[in-house]
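Below: one structure, written as structure tokens.
Shown next, in the form of structure tokens:
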């Protein structure tokens, strides 16, 4: 990537503040463990706290077993090391330019806003970015993306009369080819697994890109509403029945998110987190950093 900027301290503060409640509850459980020693009661409290933080039953159970079977009393550092191993095992390599980001997810998870934020993010790195408005079901999505594209001065391809999103994608990719666009961000309609036709539509969109524009590598990113906790795992599972998912963006991290869902997505579905949405402003998108994220959840104090 060009002109890589340093990690944004303002974003760090927003994420750290967003996870204050989770950090405090887990910290209190570890303090109780240190003070009262390992017992069935203290381990049960810690396990319940971890599960309540959306870390997931499997990961929480493994953490408890790790503590049970260890002679190391520096529990927080030990658990941090374990969490780092989980997230490091599924790191995302930098995309080779040119590439396409196909944004998918259910309604209300912030796909359109995320598409605009991604376009702004990559443009700030010095890349030639193109937005494609392929949500052909919701006119408001097209209007919203148009406003964002004008604001951030990124070209957008759309077709208000189109019914087939793949045709819009074809037009967008053709324009990208002619303009030597480096990164194409595609916004798509929200869809539920109960609508099989909409889910199959995803496959057609991906074929349009991979078969007709093979010079662009394709990455499919799912938007996950971080405030939904374990319910978001069900959404991811259903999408995986129809398409591969290369990464996820956790949206609404500035809301009531408990934060632990990153581990469940990674461990259960092999979906790495690539970005975090930490606010409503166009700049409120940050590249996921597993070390900082874990330090935002686990406090050494």
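In my numbering, the protein residues as written are 58 to 358.
The C-beta atom is built at its ideal place from N, Cα and C for all residues, glycine as well.
DSSP, read as helix, strand or coil, puts residue 127 in coil. Minimum Cα-Cα distance from residue 178 among the listed residues 104, 342, 265 and 76 corresponds to 342.
By DSSP's assignment, residue 334 forms a beta bridge with 342.
Take residue 325, set aside five residues on each side of it, and no residue of its chain has a beta-carbon closer than 6 angstroms to its own. In this structure, DSSP gives residue 355 a state outside helix and strand, which the three-state scheme calls coil.
Taking the Cβ atoms as the reference, residue 221 lies roughly 18 angstroms from residue 160, outside the contact range of under 8 angstroms. Apart from sequence neighbours up to five positions away, the residues of its chain that approach residue 233 with a beta-carbon distance below 7 angstroms are 187 and 241, ordered along the chain.
If you ignore the 5 residues before and after residue 81, its C-beta comes within less than 8 angstroms of the C-beta of 356, all in its own chain and listed in chain order. For residue 249, the three-state secondary structure derived from DSSP is coil. DSSP places residue 76 outside both helix and strand once states are collapsed to three, so it counts as coil. Of all alpha-carbon atoms in 211, 193, 198 and 171, the one lying nearest the alpha-carbon of residue 185 is that of 211.
DSSP places residue 308 within a strand segment (E or B) once states are collapsed to three.
In its chain, beyond the 5 residues on either side, 120 have a beta carbon closer than 6 angstroms to the beta carbon of residue 136.
In summary, residue 217 is exposed, with fewer than 16 beta-carbon neighbours lying within 10 Å of its beta-carbon over all protein chains present. Here residue 195 carries a coil assignment [DSSP, helix/strand/coil].
Cβ contact annotation for residue 305 (same chain, cutoff 8 angstroms, sequence separation greater than five): 278, 279, 280, 281, 293, 322, 328, 329, 330 and 331, in chain order.
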